[in-house]
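Colleague: Pasting a structure here, questions to come.
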Amino acid sequence: MHQTAKPISNPLPSVFLRNASGLVKAAGAFDVFAYNLGLSSVGIAVVLVHYWVPANYPGASLPFAEALGAVVMALIAWAFWAWSVTIPRSGGIYAFVSRGVSPAVGFAVSFVDSICWLFYNALAATFLTSVALGPLLFAVGIKTGNKNFVGAAIYVQRPLIEFLIGTLAIAISALVLVKGMRTFFRLQTALFIAAIFGTAVTIAILWNASPANFHNDFTKAIAPWINDPGLLASATQGSIFSMRFTVFASVWPILSFVGSIFSVNIGGEIRHVQKSQAIGMFGSILVSAALMILISLPADAVFGKEFQSHLLTLAGTNPLPVTPYITVLAAFTTHSIIGAIVVCVAFFAWAFFWLPATLVYAARSVLAWSFDRLTPSNWGFVHPQWHTPVTAIMIVALLNVGFLALFLFAPFFGTLVLVLAAMLAWIPTMIGAILFPFRRKDLYNQSYLAGKSILGMPVLSVAGTTGLLATGALATRLWNDPIAAGHSPQSLLTIAALFMVGLGWYWIAYYIRKRQGIDLSRAFQQIPIE
Amino acid sequence: MLYLMRLFFATDFHGSETCFRKFIAAARFYDCSALFLGGDLAGKALVPIWKKNPSTWQSITHRKVVEMNTRGEVQEFEKRMAAIGNYTAVFNEDEYQQLTSTQRTAILVRLICRRMADWLDFAADRLKNTDIKIFAIAGNDDPPDLDNLLRSSSVLAFADGSIVELGGDLQVLGYGFSTPTPWHTYREQTDPEMKLALERLSGFLDHEKGTIFHLHAPPFGSGLDLAPKLDMELRPIMSSSGPVMEPVGSQAVADLIKECQPLIGLFGHVHESRSVTCLGKTLCANPGSAYSEGRLLGFITEIANQKVIDWQLTEG
Chain A
317 MHQTAKPISN PLPSVFLRNA SGLVKAAGAF DVFAYNLGLS SVGIAVVLVH YWVPANYPGA
377 SLPFAEALGA VVMALIAWAF WAWSVTIPRS GGIYAFVSRG VSPAVGFAVS FVDSICWLFY
437 NALAATFLTS VALGPLLFAV GIKTGNKNFV GAAIYVQRPL IEFLIGTLAI AISALVLVKG
497 MRTFFRLQTA LFIAAIFGTA VTIAILWNAS PANFHNDFTK AIAPWINDPG LLASATQGSI
557 FSMRFTVFAS VWPILSFVGS IFSVNIGGEI RHVQKSQAIG MFGSILVSAA LMILISLPAD
617 AVFGKEFQSH LLTLAGTNPL PVTPYITVLA AFTTHSIIGA IVVCVAFFAW AFFWLPATLV
677 YAARSVLAWS FDRLTPSNWG FVHPQWHTPV TAIMIVALLN VGFLALFLFA PFFGTLVLVL
737 AAMLAWIPTM IGAILFPFRR KDLYNQSYLA GKSILGMPVL SVAGTTGLLA TGALATRLWN
797 DPIAAGHSPQ SLLTIAALFM VGLGWYWIAY YIRKRQGIDL SRAFQQIPIE
Chain B
5 MLYLMRLFFA TDFHGSETCF RKFIAAARFY DCSALFLGGD LAGKALVPIW KKNPSTWQSI
65 THRKVVEMNT RGEVQEFEKR MAAIGNYTAV FNEDEYQQLT STQRTAILVR LICRRMADWL
125 DFAADRLKNT DIKIFAIAGN DDPPDLDNLL RSSSVLAFAD GSIVELGGDL QVLGYGFSTP
185 TPWHTYREQT DPEMKLALER LSGFLDHEKG TIFHLHAPPF GSGLDLAPKL DMELRPIMSS
245 SGPVMEPVGS QAVADLIKEC QPLIGLFGHV HESRSVTCLG KTLCANPGSA YSEGRLLGFI
305 TEIANQKVID WQLTEG
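So the protein sequences, as listed, match chains A and B.
First residue of the first sequence: 317, per the numbering used here; consecutive thereafter.
First residue of the second sequence: 5, per the numbering used here; consecutive thereafter.
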């Protein structure tokens, strides 16, 4: 049978669809693109990149690292794209791995993945104050000469206040989700518009800023808290480009681009899945990278690479009222108070955007586990009036508040870096992609990719191999990079413990259910066609 | 005496040959004593195959032209289309183009009935010498032409619009209508109309027996009825966490469950709302549907002495 590559032309007969329900009920390419772009959180990425990279990767070019990171993420996204067109269903890696590899591994991977993103959601909750509110109050205080604002900036960054603000934000997010998707939709739309508008304003401010004015204003603003003014004076020269450190630095933007593959979780709800997922995934990587580059290019020119490389030392050796994140720097590139507020609000919106979206992500997993009888049945309770999975939302929200408390008050927890765990959770997904066309020929041969090959290998296997290599390279870099992740014993033990808890959970649930007369493996077994 | 009964329920096959064959196999695979077949058995699409020349046929799939050079290839293509619920027919190229929408619908309905007849023969053959019975209802997408076929089958109890005995002091109340949809399908009723029909039907229930509701429309606001909210052009409205969902079930069904408190409620209609919940004492399930991928989504439950022992969602 020969399938031509050319699309059908009008004179040819077309498939006739009778009037039947549910013919059109899937998201389009733009919807998927907006979904992924929002979760890529350009704002958080820019903050982290400009604070951590210049100091630790001497000579790294941020725009180049961001472009390189986008290419690596595109290779990983290709594997997720191939998975989602092969199994076009919602549920993400839990669906892929539990069906493609094994239910136990699928649950463990999903468990680790959910815990990791809830952990980073706690970090995003602290960013509300450290990246946005604190800098906003500080900038307004300095620009208006009102010391109360500066005092308030310092006050809101106390761990207890940071915890209360973070908890309030998580509670609002959870309540909005409990209230229903319509309320959530409105909130997310408002935050997304604020984030995009504020980012555009930030870019415009940075492109029109004068380096001399910035250094003058910024130095003057933080002078009362500086022990060594020479540090800033010596920090305006350029540095020599290093390809090696640029490559190393590219892991930082990738941590943001991860959001671009989150549409695998809604794969079952997407129309023309192959086209929409491609535009959604690769388009969001491209636009995220472009936005980051558009900020990094003028930021490097205005602030200076050398200056940015001293920010960590500056914060470490001086009792600054705020951490000198890019929000603080950008707020001092303009004399306009409104401009400074818009910059900070944009970053607030990017950070806040993450909170409910990640809670939804984790709550969906809890719901899926509940339906597979891996958790108590009442975890899947849906409120009769609001039609939302209230118990699942509350569980993940409470867990999130717990992580926030540990993050702020338990020194051990603050040193953990779990991003490696999230990357490791992808590896079974990639291996599953390589093996799926051979292990589950019945399913693969019915998919869009059936019969399509590259160098004689099924496309899903090739994409899985490429994704595995890219994920492996990323995991290796994270392993060897003590700044981005590293492999401190406490982090490794925590990651191992998480996987063990996930596997242990599955097997304990398996035996409990077996005693109750339920065979959990039955839920995933393929029925032979008579 | 403990009378344990294991039931398997699946729904919304929409013509998928693979799903139906798996459904019949599920009886043995899950060791079930009864099969419950939900509505929307009929598929939606007619895929034309046209003769390009005496030894070449063409068709379309995934918006691309498929060329076939032997009858074997044509049969293979037809099998592939049937697996995912589509119907095929060979036409002359011009003949198909000249058919009106009404004529195409008539052809499609004939093909739907033919496939259903084949399914019933297949089921009768596979389930002969067993005590397994299929309890079926139609769905809002099923043309009325199917009813006589389903009613006349020996292997199947057509429970739509009636109450049938299951055995073991259990009875089944079946109803295949849904609330109005944007597509104006065959079996739609407003909630007041459905309330009237369901109340009339439930008047015949034997209150000494355990009851299973086998209804196509899920209860409103139960979480079994969440479908993507659509805009004026029937496109889903998206939020940052996916499509905005809204309840589309029937309030009449929800009220009847509250009033009658049956043992179990089995529902379908909303493919994306795979879920299990309790409404009062009633365990309600919508296993969802993934017919277009040939995946059989199902629900197993065990009943003993008019009590639900346990349940499980399956995917096979």
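Even glycine gets a Cβ: it sits at the ideal position worked out from N, Cα and C.
Source: prediction; values computed, not measured.
Can you tell me which of the three DSSP states residue 587 of chain A falls into?
Modeller: Residue 587 of chain A falls in the coil class under three-state DSSP.
Colleague: State yes or no: is the beta carbon of residue 841 of chain A nearer than 8 Å to at least one beta carbon in chain B?
Modeller: Yes, residue 841 of chain A lies at the interface with chain B (some Cβ there is under 8 Å from its Cβ).
Colleague: In the DSSP output, which residue or residues are listed as bridge partners for residue 117 of chain B?
Modeller: According to DSSP, which records beta bridges pairwise, residue 117 of chain B is partnered with nothing at all.
Colleague: Please report the Cβ distance between residue 519 of chain A and residue 650 of chain A, rounded to the nearest whole angstrom; I am assuming they are in contact, meaning their Cβ atoms lie under 8 Å.
Modeller: Their Cβ separation, rounded to whole angstroms, is 12 Å, which puts residue 519 of chain A and residue 650 of chain A out of contact at 8 Å.
Colleague: Residues bridged to residue 218 of chain B by DSSP?
Modeller: Per DSSP, B:178, B:270.
Colleague: At a CB distance below 7 Å, what residues from the region 761–773 of chain A approach chain B? Give them in sequence order.
Modeller: Residues passing the 7 Å Cβ filter: 762, 764.
Colleague: Taking the alpha carbon of residue 89 of chain B as the point to measure from, which residue in B:270, B:25, B:77 has its own alpha carbon closest?
Modeller: The candidate whose alpha carbon is nearest that of residue 89 of chain B is B:25.
Colleague: Any idea if residue 701 of chain A is buried or exposed, counting beta-carbon neighbours within 10 angstroms, 16 or more meaning buried?
Modeller: Result: exposed.
Colleague: Who are the near neighbours of residue 185 of chain B in its chain, counting only those whose CB is closer than 7 Å to its CB and skipping five residues on each side?
Modeller: Hits under 7 Å: 144, 192.
Colleague: Counting only Cβ-Cβ distances shorter than 8 Å, please list the residues of the region 810–832 of chain A near chain B, keeping chain order.
Modeller: So the list reads 832, given in the order they occur along the chain.
Colleague: Between residue 400 of chain A and the rest of its own chain, which residues show a CB-CB distance below 7 Å, the 5 nearest in sequence each way excluded?
Modeller: 580, 583, 589, 593.
Colleague: Would residue 237 of chain B be called buried (16 or more neighbouring beta carbons within 10 Å of its own) or exposed?
Modeller: It counts as exposed.
Colleague: Which whole runs of the beta strand (DSSP E) in the region 13–88 of chain B are 3 residues long or more, in chain order?
Modeller: Within the region 13–88 of chain B, the complete beta strand (DSSP E) runs of at least 3 residues are 38–41, 49–57, 60–65, 68–72.
Colleague: Using 8 Å as the cut-off, can you tell me whether the region 524–536 of chain A makes contact with the region 345–357 of chain A, which would need three or more C-beta pairs spanning the two stretches below that distance?
Modeller: With the cut-off at 8 Å, the region 524–536 of chain A and the region 345–357 of chain A do not touch.
Colleague: Just list the residues that DSSP pairs residue 637 of chain A with in beta bridges.
Modeller: Note: residue 637 of chain A sits in no beta bridge, so no partner.
Colleague: Hey, out of A:387, A:428, A:354, whose CA is closest to residue 602 of chain A's CA?
Modeller: It is A:387 whose Cα lies nearest to the Cα of residue 602 of chain A.
Colleague: Does the region 119–126 of chain B come close enough to the region 144–156 of chain B to have 3 or more Cβ pairs within less than 8 Å?
Modeller: The region 119–126 of chain B, when compared against the region 144–156 of chain B, does touch it at the 8 Å Cβ threshold.
Colleague: Give me the residue from B:110, B:65, B:302 with the minimum Cα distance to residue 149 of chain B.
Modeller: Cα-wise, what sits closest to residue 149 of chain B is B:110.
Colleague: Per DSSP, which one or two residues make a beta bridge with residue 459 of chain A?
Modeller: In DSSP, residue 459 of chain A forms no bridge with anything.
Colleague: Quick one: using the 10 Å Cβ neighbour count with 16 as the cut-off for buried, is residue 757 of chain A buried or exposed?
Modeller: It counts as exposed.
Colleague: Ends of the beta strand (DSSP E) at residue 233 of chain B?
Modeller: Residue 233 of chain B -> no beta strand (DSSP E), and no H or E assigned at all.
Colleague: Anything in chain A within Cβ reach of residue 30 of chain B, meaning under 8 Å, just list it in chain order.
Modeller: Under the 8 Å cutoff, chain A gives 843.
Colleague: Do you know how far the Cα of residue 763 of chain A is from the Cα of residue 19 of chain B?
Modeller: Their backbone Cα atoms lie some 18 Å apart in a straight line.
Colleague: Taking a Cβ distance cut-off of 9 Å, strictly less, list which residues of the region 260–284 of chain B are near chain D, in chain order.
Modeller: Any reference to chain D falls outside this structure, whose protein chains are A and B.
Colleague: Please tell me whether residue 159 of chain B and residue 216 of chain B are closer than 8 Å, where the distance is taken between their beta carbons.
Modeller: Their beta carbons are not under 8 Å apart, which means residue 159 of chain B does not touch residue 216 of chain B by this criterion.
Colleague: So with CB distances below 8 Å, who are the chain B contacts of residue 400 of chain A?
Modeller: Per Cβ cutoff of 8 Å: no residues; residue 400 of chain A is ~12 Å from chain B at best.
Colleague: Are the C-beta of residue 317 of chain B and some C-beta of chain A separated by less than 8 Å?
Modeller: With 8 Å as the cut-off, residue 317 of chain B counts as an interface residue toward chain A.
Colleague: For a contact meaning CB atoms closer than 7 Å, what does residue 689 of chain A contact in chain B?
Modeller: Within chain B, the residues near residue 689 of chain A are 316.
Colleague: Mind checking residue 220 of chain B: buried by the 16 CB within 10 Å criterion, or exposed?
Modeller: Buried, because 16 or more other Cβ atoms sit within 10 Å of the Cβ of residue 220 of chain B.
Colleague: Might you give, ordered along the chain, the residues of its own chain that have their beta carbon closer than 6 Å to the beta carbon of residue 445 of chain A, omitting 5 neighbours on each side?
Modeller: So the qualifying residues of the chain are 472, 473, 478, 481.
Colleague: Please identify the residue among B:291, B:61, B:190 whose C-alpha is closest to the C-alpha of residue 227 of chain B.
Modeller: Answer by Cα proximity: B:291.
Colleague: Using alpha carbons as the reference points, say which of B:195, B:295, B:312, B:281 lies closest to residue 252 of chain B.
Modeller: Of the listed residues, the one whose Cα sits closest to residue 252 of chain B is B:195.
Colleague: Determine which residues share a DSSP beta bridge with residue 311 of chain B and list them.
Modeller: The partner list for residue 311 of chain B (beta bridge, DSSP) reads B:308.
Colleague: Could you please tell me which residues of the region 48–72 of chain B, in chain order, have their CB closer than 7 Å to any CB of chain A?
Modeller: Flagged, chain order: 48, 49, 50, 51, 52, 54, 64, 66, 67, 68, 69, 70, 71, 72.
Colleague: What distance in whole Å lies between the Cβ atoms of residue 841 of chain A and residue 732 of chain A, which are believed to be in contact at a cut-off of 8 Å?
Modeller: In fact, because the Cβ distance is near 38 Å, the residues do not count as touching under 8 Å.
Colleague: Is residue 297 of chain B helix, strand or coil when you go by DSSP?
Modeller: Helix at residue 297 of chain B.
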